[in-house]
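Numbering (this note's numbering), first residue to last: 1080 to 1182.
By construction, the Cβ of each residue, glycine as well, lies at the ideal position given by its N, Cα and C atoms.
All figures in this text were calculated on a predicted structure; none of them were measured in a lab.
Notes to accompany the following structure.
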């Protein structure tokens, strides 16, 4: 897979990014791991996520996507091969919105 330099960084990124919105609610951990394995196996290397993903699902608090991606990277030992793209500052429900490290 041909990769491109990401802006002014030293990162090389594939031209297709995997959206992690489904991880933790429509895709369970096993299915998510399979999708992530296939994605990286195809030579792609960037995954988009956010702490607010799936917070709207009953029983979820948000952060499920990030947790699954983190568990997958830990189990595969591939942190140096994957670029994680995320967002912060989204409404987390019940007035929760904070950018501090303590949050």
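Distance from the CA atom of residue 1116 to the CA atom of residue 1139, rounded to whole angstroms, is 24 Å.
Exclusion of the five residues before and after residue 1157 leaves 1119 as the residues of its chain whose Cβ lies within less than 8 Å of its Cβ. Between residue 1125 and residue 1101 the beta-carbon gap is near 16 Å, outside 8 Å, which marks them as no contact. Only buried fits residue 1130, as 16 or more other CB atoms lie within 10 angstroms of its CB.
The C-beta of residue 1154 has fewer than 16 other C-beta atoms within 10 Å across all chains shown, which makes the residue exposed.
Here the alpha carbons of residue 1145 and residue 1163 stand approximately 9 Å from one another.
Listed in chain order, the non-local C-beta contacts of residue 1147 below 6 Å within the same chain comprise 1102, 1103, 1108 and 1111, local neighbours out to five positions each way being set aside.
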